[in-house]
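**Student:** Numbered as in the numbering used here, the sequence shown ends at 481 without a single skipped number.
Quick reminder that beta carbons are idealized off the backbone N, C-alpha and C, glycines included.
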Amino acid sequence: MAEAAGGAHATDGGRAGHGGREGRAGPRIDRRALTEAVRFTSDLIRIDTTNRGGGDCRERPAAEYVAGCLADAGLEPVLLEKDPGRTNVVARVPGEDRSADALLVHGHLDVVPADPAGWSTHPFSGEVRDGAVWGRGAIDMKNMDAMVLATVRAWARAGVRPPRDVVLAFTADEEDTGEPGSAYLAEKHAGLFEGCTVAIGESGGYTFHADGGLRLYPVAAGERGTAWLKLTARGVAGHGSKINRRNAVVNLAAAVTRIGGHRWPVRLVPTVRAALREIARVQGVPVDLDDPELDVDGLLDKLGRSAALVAATVRNSSNPTQLEAGYKVNVVPGVAVARVDGRTLPGTEEEFRATMDLLTGPDVDWELCHGEPGLAAPVDAPVFDRMRAALERFDPQACVVPFCMSGGTDAKQFARLGVSGYGFSPVRLPEGYDYQAMFHGVDERVPVEGLHFGVRVLDHFLMDGVLTEDQAGTFSEEG
């Protein structure tokens with residue numbers, strides 16, 4: 003495998019081990035691929051890549067594991083670091099038509115912290131039990147990393163190529179700012195992504211069990227922007243027993259209360275409109291989104307469980323998350339600081355800034371510590387139809403709908419290169435499985451059968467829906 007660090011030049015990898023077009027009709031996803039998807043998920047979970055923020059993370063052991071799996075498949079992975087230990091892996095799978103637009107598949111290697119005290123199994127055990135793989139990253143998102151590895155290794159064994167180049171990126175620091183990860187790759191190694199016009203990444207293509215037995219599969223075609231803020235109140239320091247009309251803590255607390263209690267107005271951006279329209283249609287709920295008197299909150303009530311897919315994205319949001327002030331109970335501090343997690347819908351950034359000016363007031367200053375604009379990708383594009391077809395192939399009762407993610411992903415960084423990003427990490431889930439609760443939650447786990455489903459769907463999508471002999475008569479071994 004090749005390696006580059008600290009801005010060194012990296013070359014495109016992956017030119018061996020693949021056959022011609024006729025191979026795409028033969029078997030591709032074998033039993034070994036399904037087994038590897040489970041094993042790789044478990045192995046990656048056991049590699050602790052906890053990201054505590056501020057640079058406190060080390061992805062390199064997981065990156066080396068991934069690179070080894072890719073090298074075994076005849077590819078030429080490149081390891082790239084902006085900072086020591088913050089390692090990214092990029093590889094290119096050559097397609098049949100090297101002149102066609104390439105497709106980027108990205109997944110991150112870091113995970114958020116997990117306290118073992120609250121888990122029923124150790125969060126870094128990677129234990130396989132009760133039909134699931136358990137541990138931090140099982141859903142967010144070492145499962146996707148594993149499914150991608152299993153898929154491209156299966157292609158190598160079958161001697162087949164995808165119809166176009168597929169670029170694989172396994173990134174560092176997605177759970178913080180992404181600066182040593184996808185941002186570094188986009189800024190310093192853009193050549194590795196030459197020809198990429200579309201990308202797929204995390205959080206989409208999963209089963210959402212709606213009312214009435216409907217199985218929705220939301221595919222993300224947008225995401226809200228990020229606005230992480232630092233609020234600073236300055237006052238006059240003094241003795242805690244004295245009256246203080248310029249108390250920084252009081253002024254900060256008032257601003258934080260206003261921000262936390264603010265009711266942001268409804269703003270239906272195109273992706274959210276498409277989500278509301280499709281979800282309402284499949285559930286038989288009549289709606290006119292052009293009605294100036296439309297009660298969006300009332301519509302969400304009518305959508306029942308499905309409202310969870312869109313409720314967080316009909317508005318901007320601002321959640322105070324941290325407070326810092328003082329060093330002794332009887333001393334009024336001269337400075338108090340708070341941090342706010344703000345999220346903005348595409349095109350609402352100026353409104354967000356103006357609202358923050360009003361909410362913080364004259365006694366508190368605010369600054370943007372980290373910001374990224376919201377994203378939107380077309381829901382009427384052929385690539386979306388291909389994702390829908392792949393999901394429907396392996397779940398004939400699937401109702402595929404677009405949605406906008408409330409948070410953000412590495413897609414924001416790759417968008418700088420002109421790449422349209424979609425959230426598509428397919429996994430089939432049983433009734434009662436709370437997918438969203440798994441993100442950063444306790445007892446994170448992914449069903450084994452869900453991983454098998456995901457590998458088949460990814461293969462079908464990346465191969466443009468060409469059926470193989472092992473797919474011709476069945477939807478999946480799990481039914």
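Got a sec? Which residues, its chain only, sit under 8 Å from V95 by beta carbon, not counting five neighbours each side?
**Tutor:** Excluding residues within five positions, the ones whose Cβ falls inside 8 Å are G16, H20, L77, V154, W157, R163, P164, D167, V168, V169 and L170.
**Student:** Residues in the same chain with beta-carbon distance under 6 Å from M440, minus the five sequence neighbours each way, listed in chain order, please.
**Tutor:** Contacts found: I141 and E446.
**Student:** Going by Cα to Cα distance, which pick from V444, V80, L460 and M389 is closest to A119?
**Tutor:** Minimum Cα distance to A119 is reached at V444.
**Student:** How close, in whole Å, do the beta carbons of V429 and G456 come, if the pair is a contact with beta carbons under 8 Å?
**Tutor:** Yes, they are in contact, since the Cβ atoms of V429 and G456 sit about 5 Å apart, within 8 Å.
**Student:** Which one or two residues does DSSP pair with Y186 in a beta bridge?
**Tutor:** Answer is none; Y186 lacks a bridge partner.
**Student:** M146: which of D466, G452, H462 and M465 sits nearest, CA to CA?
**Tutor:** It is G452.
**Student:** With three or more beta-carbon pairs closer than 8 Å as the criterion, would you say the stretch 38-55 touches the stretch 130-139?
**Tutor:** Yes, the stretch 38-55 is in contact with the stretch 130-139.
**Student:** For L77, name the three-state secondary structure that DSSP assigns.
**Tutor:** The answer is coil: DSSP assigns L77 none of H, G, I, E or B.
**Student:** Closest to V385 by CA distance: which of G423, V289, G373 and Q399 is it?
**Tutor:** Closest option to V385, Cα to Cα, is G423.
**Student:** Within the chosen definition, does the stretch 182-190 reach the stretch 84-98 through at least 3 CB pairs nearer than 8 Å?
**Tutor:** Output reads yes: the stretch 84-98 touches the stretch 182-190.
**Student:** Could you compute how far the alpha carbon of N318 sits from the alpha carbon of R30?
**Tutor:** Approximately 44 Å, taken between the alpha carbons.
**Student:** Name the two residues that bound the continuous beta strand (DSSP E) containing S44.
**Tutor:** Per DSSP, S44 belongs to no beta strand (DSSP E); it is in the alpha helix (DSSP H), R33 to R48.
**Student:** For R100 and A383, what's the separation of their Cα atoms in angstroms?
**Tutor:** C-alpha separation (whole angstroms): 21 Å.
**Student:** Is G237 closer than 9 Å to P335 when the C-beta atoms are compared?
**Tutor:** Yes.
**Student:** Apart from the five residues on each side of it in sequence, which residues of its chain come closer than 7 Å, Cβ to Cβ, to N253?
**Tutor:** Once the five neighbours on either side are set aside, the close Cβ partners of N253 are A235, G237, D365 and V366.
**Student:** If you count every other CB in all the chains shown that lies within 10 Å of the CB of R261, and 16 or more means buried, which is it?
**Tutor:** Just to set this straight, residue 261 is Ile in the shown sequence, not Arg. I261 should be labelled buried.
**Student:** Below 9 Å between beta carbons: does that hold for G376 and E225?
**Tutor:** Their beta carbons are under 9 Å apart, which means G376 touches E225 by this criterion.
**Student:** Spatial neighbours of L464 within its chain, please: C-beta separation below 8 Å, excluding the five flanking residues on both sides.
**Tutor:** Cβ neighbours of L464 beyond the five flanking positions: L105, V107, T153, P164 and V168.
**Student:** Please report the distance separating the alpha-carbon of G56 from that of D178.
**Tutor:** Taking the straight line joining both Cα atoms gives about 8 Å.
**Student:** Sort R265, T259, V284 and D74 by Cα distance to H211 and report the nearest one.
**Tutor:** Ranking the options by Cα distance to H211, first place goes to V284.
**Student:** Looking at the secondary structure, which residues open and close the alpha helix (DSSP H) in which H462 lies?
**Tutor:** That run of the alpha helix (DSSP H) goes V450 to L464.
**Student:** Is it true that the CB of D32 sits closer than 9 Å to the CB of A160?
**Tutor:** Yes. Within cutoff.
**Student:** Pair every Cβ in the stretch 322-333 with every Cβ in the stretch 345-356, then say whether three or more of these pairs are closer than 8 Å.
**Tutor:** No, the stretch 322-333 is not in contact with the stretch 345-356.
**Student:** Relative to the C-alpha of T362, which candidate in P115, T350, A340 and L270 has its C-alpha closest?
**Tutor:** If we check each option's Cα against that of T362, A340 comes out closest.
**Student:** Closest Cβ-Cβ distance between E369 and chain E: below 9 Å?
**Tutor:** In the displayed structure, chain E is absent; only one protein chain is listed.
**Student:** Give the DSSP-derived three-state secondary structure of F210 in the structure shown.
**Tutor:** Correct three-state label for F210: strand.
**Student:** If we require 4 or more residues per run, which alpha helix (DSSP H) segments fall completely within the stretch 193-268?
**Tutor:** Taking only runs of at least 4 residues, the alpha helix (DSSP H) segments lying wholly in the stretch 193-268 are 250-263.
**Student:** From this set, A338, N332 and V337, which residue's C-alpha is nearest K244's C-alpha?
**Tutor:** Taking only the C-alpha atoms, the option nearest K244 is N332.
**Student:** Write down the C-beta distance between T173 and A223 rounded to the nearest angstrom, noting that I regard them as a contact closer than 8 Å.
**Tutor:** The pair is not a contact, with the Cβ atoms about 21 Å apart (cut-off 8 Å).
**Student:** Is DSSP giving N332 helix, strand or coil here?
**Tutor:** Coil.
**Student:** Confirm, please, whether the CB-CB distance from A276 to V200 is below 9 Å.
**Tutor:** Cβ atoms of V200 and A276: not closer than 9 Å.
**Student:** Three-state secondary structure (DSSP) at F405?
**Tutor:** Strand, per DSSP.
**Student:** Can you list, in chain order, the residues of its chain with a C-beta nearer than 6 Å to that of P267? Leave out the 5 residues immediately preceding and following it.
**Tutor:** Correct list: empty, nothing qualifies.
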